[in-house]
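**Q**
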Amino acid sequence: MVSNALAVVRPDDLAAARAQMGFSLAWHIVVACLGVGLPLLTVLVEWRGIRTGDRSYRLLARRWARAMGVLFAVGAVSGTILSFEMGLLWPGLMGRFGQVIGLPFAMEGIAFFVEAIFVGIYLYGWDRLPPRRHVLTGVPIVIAGICSAFFVVSANAWMNQPQGFTLRDGHVVDVQPWAAMFNPATPPETIHMILAAIMVACFFTAAVYAVALLRGRRDRYHRIGFALPCAVGAVVTPFQIVAGDYAARFVAQYQPAKLAAIEGVYHTGSHVPLTVGGIAGNGQLDYGVQIPDGLSLLVGSNPDTVITGLDRVPRNLWPPVTGVHLSFDLMVGVGFFLLALGVWFAAARWWRGVPSRVFLVLGAIAGPAAVVALECGWTVTEEGRQPWVVQGVMSVHDAVNPAPGLMVGLWLVLVVYAGLTVAVVHVMRRLARQTPVPTAPQERDVENYPVT
Amino acid sequence: MLADVCLAAMWIGLSCYGLFAGADFGGGAWDLLAGRDDRQRRQVEHSIGPVWEANHVWLIFVVVLLWTCFPTVFAAVMSTLYIPLTLAALGIIARGSSFAFRKVTEQPGLRRLFGGLFALSSVFTPFFLGTVAGAVASGRVPLGLAAGDPVTSWTGPSSLLGGVLAVLACAYLAAVYLCADAVREGEPEVAAAFRARALATGVATGVVALAGIWILRADAPLLFAGLTGRALPLVVFSAVAGVAEFPLLWLHRYGIARMVAAAAVVAVLWGWGAAQYPTMLEPDVTVGSSAATDSVLAPVLVVLAVGAVILIPSLWWLYSMFSRPAPGTGTGARTE
């Protein structure tokens, strides 16, 4: 059956495959998160606009819907590429385990289909539906987007916590796809990711308007554009920190090697300190700030809790410690920064203060920072699992396409994505400013909706 | 048994992709050839704007079903044919994004750039997907990881035939489809232009398909035997439908012409499937031997059934909403 015993995988081809998958996923994940969160914000402002009749809300709804359409299109194609890459780059994984994790992908396909249909109806239906019904057609987009995220991330959770099959003589037998989908990693990973998607969309959108406010455009339109997403983001952030703690406890229990890399724990023992920052090398973490007993307390609520260190993991199965540790610290740092920003925002609202310049500068930083946290979190999940593609079951080396020339594919993909990135940034910048809001050829709704 | 049902579901998905996305690809091809006639270009954009996202999802659907239900076949096809599939994937990126970008861009230079990218990739993408179909149909993809030749597996005569036929079929579908749309939008001149194109591509597709008979006899004897054996009724049906298209177009019966053209294209796809069944990959990989276990196939089919209950009414609503003129406009609205 499927075997690449005959073919020799060249190390640079394996590196190229990993780089290509990593790059296209890192790219897609940002757009996908905006694709989950932005519809929620758009539906919210449109609903507020209908309730209050406020032109600012309605204009925001029009602009965000346009941005949502562009991002949905880009997310759809970059997601399609990923489904191709699963086979082009990792046929060893898919040939053996495709049937085990196919079910959530089939569901994701359907959820994505629902999303695409309602995006079509929502974007082109402003003048064909009465306003209240129009805003309702946005609701399936939000629900389907969250479902898509759940299904896709549950497949990734399976790679971290594989179950629902038996390996007999290298063959996959006794497949239980539901058990594979609802594995122990599914709840912590999916909740953490869905909240992350909403946070990225909120803080990114708020940041765009924070920049405009800083440039002196302090009208009602820009104030709402900043305040509404910032408020939603501020509400979600505390929940995300709780979810992050839940995810970390899961990792401590099920993936001790990943936790050891995250925290830079080289030696097994109790009373393990929590190290913030630091550089890994020579079997220890140097220059970090240590909080005594911190990690043992966090994982087990007791300083006597024993943490498994990398000394219990064979050297060739170590994840890249430095990168994973730094990514984790950066993610947590940004999380607490966003939490503080949310508290400040709530306090300012309470005392009805006008957003100060410092606050707006921090608000403008929050958008890119949220994206950084997202990428770091993803790095922790994926790099922390190395060298496994399926934790403890299959290494990336056994999953990769043994065909020669994957390096060429990597360069092609890099060039195309570079062009795509430039185009997306340009188009989004134009969309943010363009007056009147560009309309599709068949839209004739200027009377009903403000476009200037 | 369950494997056959899954294969049928996959083939339905492939047919939908061929028809709906095929018409989109063809629209892009006509966009490329529209010259200075912006009315044609607007018609293309108008017709595919609201629906293209949904049309595109069929491909993901087929890919996911293939890896879930026939994982070893998926691994073999993707790893051996990674060159044309990578090129098709890049074409999908360029096409999907540039169409969306053009829609929201006002600067003429950028509009031309995005338009050109959209149009060119609309031609390249179906070509490479067609070569993949030709490679599988002519038995050049063996089981195993990258077991076939990365280059000659998809550059054979059958593959090139598949690529050219795919491009022509898309252009043909789009031209026929756009005739009816242009009439409804009150653009008789645009309709006349697309009618001429539909007739021309109809002839071209027919000529290539006839030449294809000889190519397949020499290059893919097993497929040829199937096409002239079990699949013969479908082949004949497709030929008859193709010929019937000419009087229909001539008499401006665009509504029926659309359905007949779709039937002709779908018959070719199902003819291929029938001719090759039950072989998935030559010589001895069959539906039965490559299928996932029933414990996987059964829940997948349940999910598809539940999905269909949600999707079919939604899709129907989408297509019906945008096949009517917008309220308060009436026909000829855009010429006012």
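Going down the list, the protein sequences come from chains A and B. Okay, so the first sequence: first residue is 1 according to full-length UniProt numbering, each after it adds one. Okay, so the second sequence: first residue is 1 according to full-length UniProt numbering, each after it adds one. Every residue gets a Cβ at the ideal spot worked out from N, C-alpha and C, and that includes glycine.
With 9 Å set as the bound, which would you pick, yes or no: does the beta-carbon of Pro283 (chain B) sit closer than that to a beta-carbon of chain A?
**A** no
**Q** Answer yes or no: does any C-beta atom of chain B fall closer than 9 Å to that of Tyr170 (chain A)?
**A** The sequence shown places Gly at residue 170 (chain A), not Tyr. With respect to chain B, the C-beta atom of Gly170 (chain A) has no partner C-beta closer than 9 Å.
**Q** Hey, how far is the Cα of Ala197 (chain A) from the Cα of Val313 (chain A)?
**A** 33 Å
**Q** What number of angstroms, rounded off, separates the C-alpha of Pro11 (chain A) from the C-alpha of Met94 (chain A)?
**A** 20 Å
**Q** Mark Thr186 (chain A) as exposed unless 16 or more other C-beta atoms lie within 10 angstroms of its C-beta, in which case mark it buried.
**A** buried
**Q** Go ahead and pull the three-state DSSP assignment for Asp245 (chain A).
**A** helix
**Q** Counting contacts by CB-CB distance shorter than 9 Å, is Met321 (chain B) in contact with chain A?
**A** Yes, Met321 (chain B) lies at the interface with chain A (some Cβ there is under 9 Å from its Cβ).
**Q** Touching or not, the segment 114-131 of chain A and the segment 422-432 of chain A, by the rule of three or more beta carbon pairs under 8 Å?
**A** no
**Q** Find the residues of chain A that neighbour Leu296 (chain B), judging by a C-beta separation of less than 8 Å, and give them in chain order.
**A** As written in the sequence, residue 296 (chain B) is Val, which differs from the Leu given in the question. Here the neighbours are Gln99, Val100, Gly102, Leu103, Val175 and Pro177.
**Q** For His325 (chain A), tell me which candidate among A:Val276, A:Asp293, A:Met107 and A:Val371 has the shortest Cα-Cα distance.
**A** A:Val276
**Q** Listed in chain order, which residues of the segment 225-259 of chain A have Cβ atoms closer than 8 Å to some Cβ of chain B?
**A** none
**Q** So if DSSP puts Met394 (chain A) in a beta bridge, which residue, or which two residues, is it bridged to?
**A** A:Val390
**Q** When the cut-off is 9 Å and only beta carbons count, does Thr80 (chain A) lie next to chain B?
**A** yes
**Q** Identify the contact partners of Met1 (chain B) in chain A, using a Cβ-Cβ distance below 9 Å as the criterion.
**A** Near Met1 (chain B) there are no residues of chain A at all, since even the closest Cβ is about 17 Å away, more than 9 Å.
**Q** So for Asp286 (chain A), helix, strand or coil by DSSP?
**A** strand
**Q** Checking 9 Å against the spacing of the C-beta atoms, do Gly125 (chain A) and His134 (chain A) come in under that value?
**A** With a cutoff of 9 Å on beta-carbon distance, Gly125 (chain A) and His134 (chain A) are scored as near each other.
**Q** Identify the continuous beta strand (DSSP E) that holds Arg168 (chain A) and give its terminal residues.
**A** Thr166 to Arg168
**Q** Thinking C-beta only, is Ser24 (chain A) closer than 9 Å to Glu85 (chain A)?
**A** yes
**Q** Using a Cβ-Cβ cutoff of 9 Å, what residues of the segment 60-72 of chain B are near chain A? List them in chain order.
**A** Ile60, Phe61, Val63, Val64, Leu65, Leu66, Trp67, Thr68, Cys69, Phe70, Pro71 and Thr72
**Q** Contact between the segment 23-34 of chain B and the segment 162-172 of chain B is defined here as three or more beta-carbon pairs at a separation below 8 Å; is this criterion met?
**A** yes
**Q** Measuring only between beta-carbons, confirm whether Glu189 (chain B) sits less than 9 Å from chain A.
**A** No, because no Cβ of chain A sits closer than 9 Å to the Cβ of Glu189 (chain B).
**Q** Is His252 (chain B) close to chain A, meaning its C-beta is less than 9 Å from at least one C-beta of that chain?
**A** No, because no Cβ of chain A sits closer than 9 Å to the Cβ of His252 (chain B).
**Q** Chain A beta carbons: is any one of them nearer than 9 Å to that of Gly332 (chain B)?
**A** Caution applies to Gly332 (chain B), whose pLDDT of 34 falls short of 50 and renders its modelled position unreliable; the value that the coordinates give is listed next. Cβ-Cβ to chain A under 9 Å: no for Gly332 (chain B).
**Q** To which residues of the same chain is Ser121 (chain B) closer than 6 Å at the C-beta, ignoring the five residues directly before and after it?
**A** If the five residues before and after Ser121 (chain B) are omitted, its C-beta is found closer than 6 Å to the C-beta atoms of Gly91, Ala94 and Arg95, all from its own chain and listed in chain order.
**Q** For His171 (chain A), which of helix, strand or coil comes out of DSSP?
**A** Looking at His171 (chain A) - three-state DSSP - the assignment turns out to be strand.
**Q** How many Å lie between Pro404 (chain A) and Phe250 (chain A) at the Cα?
**A** 39 Å
**Q** Tell me, please, whether the segment 383-390 of chain A touches the segment 245-265 of chain A by the rule of three or more beta-carbon pairs shorter than 8 Å.
**A** Touching, yes, given that three or more Cβ pairs across the two stretches are closer than 8 Å.
**Q** Excluding sequence positions up to five away, which residues of its chain have a Cβ less than 7 Å from the Cβ of Arg18 (chain A)?
**A** Val396
**Q** Counting Cβ pairs, one atom from each stretch, are 3 or more of them under 8 Å apart for the segment 190-204 of chain B and the segment 279-292 of chain B?
**A** no
**Q** Could you tell me which whole alpha helix (DSSP H) segments of length 4 or greater appear in the segment 115-189 of chain A?
**A** Positions of the alpha helix (DSSP H) runs, each at least 4 residues long and wholly inside the segment 115-189 of chain A, are given as 131-160 and 177-181 in order along the chain.
**Q** Taking 9 Å as the CB-CB limit, is Trp317 (chain B) close to chain A?
**A** At least one beta carbon of chain A lies nearer than 9 Å to the beta carbon of Trp317 (chain B).
**Q** In the structure shown, what three-state DSSP assignment does Thr275 (chain A) receive?
**A** strand
**Q** Drop a sphere of 10 angstroms on the beta-carbon of Ser159 (chain B), count the other beta-carbons inside from all chains shown, and report buried for 16 or more, exposed for fewer.
**A** buried
**Q** Locate the alpha helix (DSSP H) running through Met407 (chain A), then write down its first and last residues.
**A** Leu406 to Arg433
**Q** Per DSSP, Gly281 (chain A) is paired with what?
**A** A:Gln284
**Q** Compute the Euclidean distance between the alpha carbons of Val64 (chain B) and Leu14 (chain B), then round it to the nearest angstrom.
**A** 12 Å
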